[in-house]
Every structure is written in C-alpha cells, then in structure tokens.
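Chemist: In our numbering, the protein residues as written are 367 to 969.
Even glycine gets a Cβ: it sits at the ideal position worked out from N, Cα and C.
These numbers come from a predicted model, not from an experiment.
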RNA sequence: GCGCCCGUAGCUCAGCUGGAUAGAGCAUCGGCCUUCUAAGCCGAGGGUCCCAGGUUCGAGUCCUGGCGGGCGUGCCA
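1) Helix, strand or coil for residue 838, going by three-state DSSP, please let me know.
2) Could you give the uninterrupted runs of the alpha helix (DSSP H) lying entirely in the stretch 384 to 466, keeping only those of 4 residues or more?
3) Quick check on the DSSP output: the beta strand (DSSP E) that includes residue 494 runs from which residue to which?
4) Which stretch, first to last residue, makes up the alpha helix (DSSP H) that contains residue 902?
5) Can you grab the Cα-Cα spacing for the pair residue 387 / residue 907, in whole Å?
6) Return yes when the Cβ of residue 875 is within less than 7 Å of the Cβ of residue 899, no when it is not.
7) Give the single residue among 685, 693, 691, 694 whose Cα lies nearest to the Cα of residue 701.
8) Please determine, among 836, 813, 547, the residue with the shortest C-alpha to C-alpha distance to residue 824.
9) Please determine if the stretch 513 to 529 and the stretch 482 to 498 are in contact, where contact requires at least 3 C-beta pairs separated by less than 8 Å.
10) Among 412, 401, 414, which residue has its Cα nearest to the Cα of residue 428?
11) Strictly by DSSP, which residues pair up with residue 656?
12) What residue does the beta strand (DSSP E) around residue 874 start on, and which one ends it?
13) From residue 679 to residue 530, what does the alpha carbon distance come to, in whole angstroms?
14) Closer than 6 Å to a non-hydrogen atom of the ligand FMN - does that hold for the CB of residue 829?
15) On the criterion of 16 or more Cβ atoms from any shown chain inside 10 Å, does residue 990 qualify as buried, or is it exposed?
16) Taking 7 Å as the threshold (C-beta atoms), are residue 760 and residue 731 in contact?
17) Under 6 Å Cβ to Cβ from residue 394, same chain only, skipping five residues before and after it: list those, please.
18) Suppose you measure from the CA of residue 445 to the CA of residue 477; what does that come to, to the nearest Å?
19) Can you give me the C-alpha to C-alpha distance between residue 695 and residue 728, rounded to a whole angstrom?
20) Flag this pair as yes or no: are the beta carbons of residue 632 and residue 549 separated by less than 7 Å?
21) Is it the case that the stretch 512 to 519 contacts the stretch 451 to 467, given that we only count it when at least three CB pairs across the two stretches are under 8 Å?
22) Please report the residue range of the beta strand (DSSP E) in which residue 731 lies.
23) So, at 7 Å on beta carbons, what are the nonlocal neighbours of residue 461 in its own chain, with the 5 sequence-adjacent residues on each side left out?
24) When you compare the stretch 568 to 575 with the stretch 540 to 556, are there three or more beta-carbon pairs, one atom per stretch, that lie closer than 8 Å?
25) Rounded to whole angstroms, what's the CA-CA distance from residue 801 to residue 901? Just pull it up for me.
26) Please name the residue, chosen from 430, 714, 903, 587, that lies closest to residue 657 on a Cα-to-Cα basis.
27) Which same chain residues end up closer than 6 Å to residue 637 when comparing Cβ atoms and leaving out the 5 residues on each side of it in sequence?
28) Just to confirm the assignment, what range does the beta strand (DSSP E) spanning residue 721 have?
29) The alpha helix (DSSP H) spanning residue 815 covers which residue range?
30) Just how far apart, CA to CA, sit residue 572 and residue 785?
31) I think residue 691 touches residue 747, with their Cβ atoms under 8 Å apart; what is that distance to the nearest whole Å?
32) In this structure, does DSSP put residue 743 in helix, strand or coil?
33) Cα separation between residue 914 and residue 856?
34) If distances are taken between C-alpha atoms only, which option among 749, 766, 385 comes closest to residue 676?
35) Per DSSP, what kind of secondary structure is residue 667 in: helix, strand or coil?
36) If you draw a straight line from the alpha carbon of residue 489 to that of residue 411, how long is it in whole angstroms?
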C-alpha cells in the first residue's frame, strides 16, 4: 500500500509520520487486519495531541468489533514507539499521539536545512505540463476576469513547479477572425472621426476610449513614417490604399489595404498593452501562441482532413459537422460554416493538437466559466483524433465583481463597459490584487472587497501574512543587535526546548507546509495556500504576542538564556522560511519591514 | 427545457479522500499599551451547513429528488 504511505505522509509531521504509520500498520496486521486504509493527520484541535488516526474506526466493520475496543488494543501495541510520548484513545475511537518535544521541534531543524526549497516535492518527477491561461483576445485591455485568471494560472503553474513538474506557461490569442475585423473597423471609424469625417462604430464593434487612442497613435505613426524615407517598404504598402497621400483616410469605405495595416497596428498595440499589464502584475509567459499560425502552418486544413478520415464528419445544410455527441457532447457541432469559413471550434482543436504534438501529455487550461460550453466539444474533437478522454484538464473560474460596502462599484474608464486589470492594480497594488484573486476557490464567484483591499491593517489578509513575516525578520535583526546572534546560532539549537503549547502548535503547523502544497497542487487550488498562510500568520502573531511584556515575558523569543533563545530563534527562522516560501510561490513580496502609507517606517 | 457551477454565522468565505464539539476574517460586545513586541493581542456571543429522503459505526462532505442564484445552451468568440 504505497499509496496509503504517501497519503498519511502528506498530513503528518514528516518523518515521524512514516514511523507511526508503519507502527500502526504492523499493529493492525497483528489484530488480523493487514493492508488497512486509514489516515494519520494533525488534529484540528491541538488538545487532541500532535497526530491522530482514525484507524480503529476504519477497521471496526472489517474486524466486527467496537472501534474503541480496537483502539485500546492498538494503543497497547504502540506504547514505546520511537518519538511517541503517549497514545490515547479518544472520542468514538480515535488514537491520539503525543510526541516527544524533540520530535515536534525537529521539524524546525528540517525547515532550516531546506531553506528556500522547503515545501518542494517530486510528485511531478520532472514531467512536462502546460498551463494555458489568460489567452485574451487582442481586442481590448485586460479586465478583472483576466486578472483573476492571470493570478490563478501563474499560481497553479508555481504550485506545479514546486511539486516537481516542468511547467510551460502559455498564452493563446485569436489574432484573426470576425472580432479582430470589428476592432479594425472600429479604429478606422475613430480615425475618420478624428479627421472630421462621418463614421460610425460598426455593429458589434468596440467603443472604449482605447480605440480612440489607437486611432490617434496610428495616424501619428503614419505622419512620422511619411517623413522618414527609411520606411519605404511600409510606405508602398500603405499607398496601395487610395487616398493615403494625405496620411488620413478619405471618405468612403475602408479599403482592404487600410484595414490590414490598421488591424496589424491595433493588434500590436493592444498586445503590447496586455503584456505591459501582465508584467506589472508579475506574470510571465514562456510562449504566446497566435491563432493565425494554425492557418499559415496548414494545421487547420490538416485537422479538417484528419477529422474527415475518422468518418465522423458530414455535410448538412451546406456546413460540415462533426459528430461530437459520440464523445459525450450535447449536440453535434459545425466545424466549417456553409460560407466555407471554419468556426472557432476547428482552430481550437488544431491548437490543442499542437499541445499534444509538442509533447505535453498534461495540460491545464484556465478559463472563465462562461466558456465552459467549449470544454466538451473541444475534448470530443480531440477524442475523435485519438487523444485520451479527459484531455486537456480545465480549471474554470467564476467572474469577479468589485464591491465597496456591499455594493458593486465600477470604475471603468479605459474600456468603457468594464473595469480593467490595470485600473484595479493602480488602485490596490499588485500584491493585494494577486492575493485577493487567489484567496477564493476558482469556482466560487469573487466579490473583490475594495474597502478591505485598501485597508493596511492586519484585517487585510495580505498584510496579515506579510506583517507576520516582517515581524519575524525584526526579531532576527534584534537578536543580532542585542545578543550578537548569527544564523548558525539558531541552526545549532536544541529543538526539544520548544515546549510551550504555542511553540508546539507553530512547529506542527510549519511541518504541514509541504503536505499542503502537494494537496493544493494536486487540486489546482491556490486558495488552499492562502488559507494555510493566514492560519500560519495568525499562529505566529499569537506566539509573538504571548511574550508581550505585559503578558508573559518568559515566552518572548529573545530571552537571556542562550539555549532557549537559540531554540526560539530557530522557530523564528523556520516560520520566516515558510511564510517567505508561501508568499514567493503566490508571486507576492515577503518584505523584511512594512511601511504603511503616511508612515515613516520607524516605530 | 437541458448542461455546468454555487447555496455553511449578520457579511465575505474555508472546511483536505466521509471522522471528534462545523472554522477564519469582518461586524457586534467585553478586556489589554507608565512599550522589551499594538499595522496588534486575549476573550464572548452568534449556525435548520437551502429542503426532503437515502447510503453507514459516522454525512457540511457521497447518492436521489426538489428549491433558490449564476453561467452556458449559435453556422458568435
């Protein structure tokens, strides 16, 4: 039962968990129940000890004996297990383990040794995995949904990296098709309006302020180019369109030459803007994959041929359909319209085939839940071509609304109808925005609370975690100043001196970090990391506060006794590592000191 | 109509593969700064886990059927 080993290891305090798991399995076998499936984990309530197991409850039906009776029998056999101080039977038949102080504190030593790598695991074993996310069309600035997706995709990618996967971050964009045409026409209309002519934004076009900006920039660039003889090639291109001599469009419909250069210009400008927004949001991609490449490579045509060969396509009403219902889709889908052009479905299938052909057997697509209808048909198309049923994997997230005092607020200027990511980041900062996007389950609607986001106290979970980190750094700094302690001083500490309930609780909590990361990675659920960090920060703050001069100075970290101070500084260092690693993984800063607006920073 | 997601404290939400008395933050109430550490801490109150059945030693968690909300259901992307 290697799997049971791994499971219990996830939830236990590392090495000691393995020891106890083995002892439990042996004891269970003695009672006539080998290969038992059970759990060993840290109980929620610390009064239930350092570790707890449901093994007796799990074996009750198999052994046809009352769970408490089994628990008592097991407890007797487990007396004397190395590192275990006491075994108790509690509740309906749980086994609670109290560990030796050296074992509890020992986690601290492990953490200090692993440092910036603490929390990494090797589930992925170096296998490659692609995370595709954001994938915004270049028809406007990134909005809040993209922001959530950027934070989510990036954090999932990091979680996978920490779990031993080789991760490829990819951004797919539709730089062709009807929406891009509408964009070009919209910019063209603004160009004409700028030169005092009559023009209207087309049906389904784009009305945001940014369209006007692009029009202005386009006209500006044309003028600049005319003056520069070095741009002869582009110049000759642009003169293909009639009425270009003045550098402004003339009355009448746009020619294809006009629209082509406008389209290119608009797409380039918007993509540059998106990249800028993403860079400010600290999100990077390994690859940007354009839809047009699928056409120029002949992949779309090849996909049609390949699908034809499956015998699952048919002509109906002048369109070519694929029998996706065969693979669980709700209805068959059109792949080539009656006018001969492909639906988006076809390049989507072609695109996902490239993922497979590029060697990615594991792919996670992060998308807004408003696209969930595409999941079944894309998978069906891929299955028709022989790819496995669940390929690719999807994380679908719900939409984001910004609220203040319970009421929805909109501060959309750039894009007209929606709030942009850049506007939000300007308002609350990258750290806060990223964290808020991550702290809820993807499939839950996200109410982004502006009031809380702008709060710079510990009520704001971002600052709560960052402040706990900064606080630990200050203790280290003071230890150096006051006692001349260096990092080696803490590294050599005797962890069994960590005996107060809070010290034990913090140690146990820190020991759980790697298991949490593994679980969060497997579930593609960064919010679990947020929960973990908040809880850890809360415990760190409680521990720190317990030593407040007016409460119990004996519990403070920087006591005069060298051995005890060393042990506590080891805990400080370990907690700092865990918080810093968690923040780094989520793409947030781990500041050594916090400076609040309107604060000098000194206290 | 059908499909997917959601429904847990006044509010925003966690709740791991079915486990012990269902948790956190905010809000409310009560304590704690003559500073070794208040961007804080300690404590209290607050629950029909949407409803009804079922599965079993045990259900917020799994199954079935309802109710409520969101999204989708194009030869749009």
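Modeler: Looking at the coordinates:
1) Residue 838 falls in the helix class under three-state DSSP.
2) Taking only runs of at least 4 residues, the alpha helix (DSSP H) segments lying wholly in the stretch 384 to 466 are 421 to 429, 433 to 444.
3) Residue range 494 to 498 is occupied by the beta strand (DSSP E) that includes residue 494.
4) Run containing residue 902: 893 to 912, per the alpha helix (DSSP H) assignment.
5) Taking the straight line from one Cα to the other gives about 32 Å.
6) No, Cβ-Cβ distance for residue 899 and residue 875 is not below 7 Å.
7) Distances from the alpha-carbon of residue 701 to those of 685, 693, 691, 694 put 685 closest.
8) Of the residues 836, 813, 547, the one whose Cα lies closest to the Cα of residue 824 is 836.
9) When Cβ pairs closer than 8 Å are counted between the two stretches, the stretch 513 to 529 is seen to touch the stretch 482 to 498, the count reaching three or more.
10) Per the Cα distances, 401.
11) BP columns for residue 656 point to 539.
12) Looking at the DSSP string, residue 874 is not in any beta strand (DSSP E); the run it does join, the alpha helix (DSSP H), is 867 to 877.
13) CA-CA distance, residue 679 to residue 530, rounds to 41 Å.
14) As presented, the structure is devoid of all ligands, the ligand FMN included, so that no description of it is given.
15) Residue 990 lies beyond the residue range present for the chain, which begins at 367 and ends at 969; the question has no answer from this structure.
16) Contact flag set, yes.
17) Closer than 6 Å at the Cβ level, and outside the excluded window around residue 394, lie 402.
18) The alpha-carbon atoms of residue 445 and residue 477 are separated by roughly 28 Å.
19) So the two alpha carbons sit approximately 22 Å from each other.
20) Their beta carbons are under 7 Å apart, which means residue 632 touches residue 549 by this criterion.
21) The count of Cβ pairs closer than 8 Å, one atom from the stretch 451 to 467 and one from the stretch 512 to 519, stays below three, leaving the stretches out of contact.
22) DSSP places residue 731 in the uninterrupted beta strand (DSSP E) bounded by 729 to 734.
23) So the qualifying residues of the chain are 418, 419, 421, 422, 437, 440, 441, 453, 455.
24) Contact holds: three or more Cβ-Cβ distances are below 8 Å.
25) Between the C-alpha atoms of residue 801 and residue 901 there is a straight-line separation of about 15 Å.
26) Selected option, being the one with the closest Cα: 714.
27) If the five residues before and after residue 637 are omitted, its C-beta is found closer than 6 Å to the C-beta atoms of 504, all from its own chain and listed in chain order.
28) Careful: residue 721 lies outside any beta strand (DSSP E), inside the alpha helix (DSSP H) at 711 to 723.
29) In the DSSP assignment, residue 815 falls outside any alpha helix (DSSP H) and lies within the beta strand (DSSP E) extending over 812 to 815.
30) For residue 572 and residue 785, the gap between their C-alpha atoms comes out near 15 Å.
31) At roughly 12 Å, the Cβ-Cβ gap does not stay under 8 Å, so residue 691 and residue 747 are not in contact.
32) It is helical.
33) Near 21 Å, if we compare the C-alpha coordinates of residue 856 and residue 914.
34) The option with the nearest alpha carbon to residue 676 is 749.
35) Looking at residue 667 - three-state DSSP - the assignment turns out to be helix.
36) Between residue 489 and residue 411, the C-alpha separation is close to 29 Å.
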